[in-house]
Amino acid sequence: MKNSKYTFIAIAMLLVTIQMNAAIKLPALFSDNMMLQQQSNAPIWGWADKNQTIKIKTSWDAKTYEVKADKEGKWKIALKTPVAGGPYEILVSDGTEKKSIKNILIGEVWLCSGQSNMEMPLKGFPGQPVFKGNEAIVHSKNNKIRFITIPRATVLTPNEDFVGQWYAASAQTTGDFSATAWYFGSLLQEVLDVPVGLIHVSYGGSSMEAWMNQEMLKDFSSAKIPTTKEDLAKDPNRVATTLFNGMLSPVIGYGIKGCIWYQGESNYERAAQYKDLMEKMVSSWRGLWQQGDFPFYYAQIAPFNYAQFHPKENKEEYNSAYLREAQLKASTEIPNAGMAVLMDIGEENNIHPIHKEAGGTRLAYLALNKTYGITGFEFESPEFKAMEIKDNTVTVSFDKAPNGITSNGKDVTGFEIAGSDKVFYPAKAEVRRKSVVLISDKVVKPVAVRYLFKDYSEAQIFSTGGLPVSSFRTDNW
Numbered sequence: 000m001k002n003s004k005y006t007f008i009a010i011a012m013l014l015v016t017i018q019m020n021a022a023i024k025l026p027a028l029f030s031d032n033m034m035l036q037q038q039s040n041a042p043i044w045g046w047a048d049k050n051q052t053i054k055i056k057t058s059w060d061a062k063t064y065e066v067k068a069d070k071e072g073k074w075k076i077a078l079k080t081p082v083a084g085g086p087y088e089i090l091v092s093d094g095t096e097k098k099s100i101k102n103i104l105i106g107e108v109w110l111c112s113g114q115s116n117m118e119m120p121l122k123g124f125p126g127q128p129v130f131k132g133n134e135a136i137v138h139s140k141n142n143k144i145r146f147i148t149i150p151r152a153t154v155l156t157p158n159e160d161f162v163g164q165w166y167a168a169s170a171q172t173t174g175d176f177s178a179t180a181w182y183f184g185s186l187l188q189e190v191l192d193v194p195v196g197l198i199h200v201s202y203g204g205s206s207m208e209a210w211m212n213q214e215m216l217k218d219f220s221s222a223k224i225p226t227t228k229e230d231l232a233k234d235p236n237r238v239a240t241t242l243f244n245g246m247l248s249p250v251i252g253y254g255i256k257g258c259i260w261y262q263g264e265s266n267y268e269r270a271a272q273y274k275d276l277m278e279k280m281v282s283s284w285r286g287l288w289q290q291g292d293f294p295f296y297y298a299q300i301a302p303f304n305y306a307q308f309h310p311k312e313n314k315e316e317y318n319s320a321y322l323r324e325a326q327l328k329a330s331t332e333i334p335n336a337g338m339a340v341l342m343d344i345g346e347e348n349n350i351h352p353i354h355k356e357a358g359g360t361r362l363a364y365l366a367l368n369k370t371y372g373i374t375g376f377e378f379e380s381p382e383f384k385a386m387e388i389k390d391n392t393v394t395v396s397f398d399k400a401p402n403g404i405t406s407n408g409k410d411v412t413g414f415e416i417a418g419s420d421k422v423f424y425p426a427k428a429e430v431r432r433k434s435v436v437l438i439s440d441k442v443v444k445p446v447a448v449r450y451l452f453k454d455y456s457e458a459q460i461f462s463t464g465g466l467p468v469s470s471f472r473t474d475n476w
């Protein structure tokens, strides 16, 4: 009898295990309140018993899809989505068990990634506020904005899922959500008048290499790929591949319209390779998503006194203007991309500027024009076009300034000019409609110009729409 009792218990436990293994499991991405990209073939995936046939029924068209799980129990299929609307429901069944995903909206879905300035929530970091963040939280109730945050994770091999859920925007939910992503998404929702979904995947202090996998980094010898847990002991968010594995992998392939990115502060010491890293990361992400060259818009890091971290070293080597220069170059070489300039919101001793609305709004300007075709407003900063030298005078001209440039009536002191001796001196500046005329009594034959090419500086030249000109230089010294 005793043996029979243990046999019964063993069989019961086996049956429970089989049922657990056979149960339909959906990733956290596919849960109540989720958002799907409109007018697309939106992927959905999950797990079931191996070789099991799964049926998915969508309420927006009453269509039933069938897919067979592979030998590991994984399945994936694309659902044809309608124009923006909802709420809808998806029913997933294996013939025995049914799971439903409720309160789904169809709209525009954007991936929002980067480091701490993307991660910084509307309520701010402890002791570090977001300007008018509390006001934004109070007014944030909007059922047409949905968001999900992937929790921090640094691991050696790719994760398939995470613990998290979609939320509808309200004062109870938005305080912990990314401020930059919020301002971006809320402006899109207001202007487009369709639901907007935001997938937030960021980690403060992270390097770009952490968001890339081993294959992406094979041509970058400086990237050390971790192989043991000991390799993650110090600053795991800066170790190559760790955040790609831990946080990005579970969302790769989810149907999106595009991506916004706010990162660079943790790569400022290696500005020379940043453009190449960024080009590789963006092209590789696009390849993994298999959606073509989806839009990629990013924030140029704001000025900050990075050199304070290196008081006894050559501070010029740690001048973050070189990183901003790399980001500016990347904007011209990465297809379907754009950069929001933030020269006017930097704080000398605060790496987390309080004015997060500027970044999110300017990223939205880029998307509204370049992705959604809305015109009639300025959406990108003026950029250096050319310089003309005549005797001891330099005229610097700008493009992407349809209504001209302005200093808002203030003196412009941020330009420097140099002769062949490569010594830069402050220049007197006269602002004209689309150009600036420069002269210095210390430079008889000027050959090069720099504008705000310092670690920390404050914007002085803007478009008439208020968009600041990036720091730049004409030399390669």
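Note that numbering that gives the first Met the number 0 gives residue 10 to position 11 of the sequence shown, counting from 1, and the numbers run on in steps of one.
Each residue gets a CB set at the ideal place from its N, CA and C atoms; glycine is no exception.
- In this structure, the straight-line span from the alpha carbon of alanine 320 to that of glycine 163 is close to 37 Å.
- Using a 10 angstroms sphere on the CB of alanine 385, the tally of other CB atoms stays under 16, which defines it as exposed.
- In summary, threonine 148 is buried, with 16 or more beta-carbon neighbours lying within 10 Å of its beta-carbon over all protein chains present.
- With 16 or more other CB atoms across the displayed protein chains lying within 10 angstroms of its CB, tyrosine 450 is buried.
- Glutamate 332 and glutamate 415 do not touch by the CB rule: their CB atoms are close to 26 Å apart, not below 8 Å.
- With a cutoff of 8 Å on beta-carbon distance, glutamine 114 and serine 177 are scored as not near each other.
- Per the C-alpha coordinates, the member of Val190, Ala180, Ala170 and Lys131 positioned closest to glycine 372 is Val190.
- Sequence-distant partners of alanine 22 (beyond 5 residues in either direction) whose C-beta falls short of 7 Å from its own C-beta, in its chain, are Glu96.
- Lysine 256 and tryptophan 109 have their C-alpha atoms some 6 Å from each other.
- Only residues of its own chain outside the window of five on either side were considered, and among them Thr179, Tyr182 and Phe183 have a CB closer than 6 Å to the CB of glycine 359, listed in chain order.
- Assigned with DSSP and collapsed to three states, valine 435 falls in strand.
- When only Cα atoms are considered, threonine 240 and asparagine 407 end up about 45 Å apart.
- Per DSSP, the unbroken alpha helix (DSSP H) holding threonine 179 starts and ends at 178-191.
- The alpha-carbon of glutamate 429 is positioned some 31 Å away from that of threonine 374.
- The beta carbon of glutamine 290 lies closer than 8 Å to those of Gly254 and Ile255 in the same chain, with the five residues before and after it left out.
- Taking the CA atoms as reference points, tyrosine 166 sits about 59 Å from aspartate 420.
- Annotation for threonine 227: no beta strand (DSSP E) segment contains it, and DSSP assigns it neither H nor E.
- In the three-state DSSP reduction, valine 137 falls in the helix class (H, G or I).
- If you check the CB distance, aspartate 93 and aspartate 48 come in under 8 Å.
- Here lysine 274 is buried: its Cβ has 16 or more other Cβ atoms, across all protein chains shown, within 10 Å.
- Distance from the CA of proline 425 to the CA of glutamine 459, rounded to the nearest whole angstrom, comes to 14 Å.
- In this model, leucine 28 and lysine 56 are separated by some 18 Å (Cα to Cα).
- Closest option to leucine 466, judged by alpha-carbon separation, among Leu104, Gln299 and Ser99: Gln299.
- Look at asparagine 402 here: in three-state DSSP terms it is coil, with no helix or strand label.
- Of the candidates Ser139, Arg145, Phe243 and Ile76, the residue whose Cα lies closest to the Cα of leucine 197 is Arg145.
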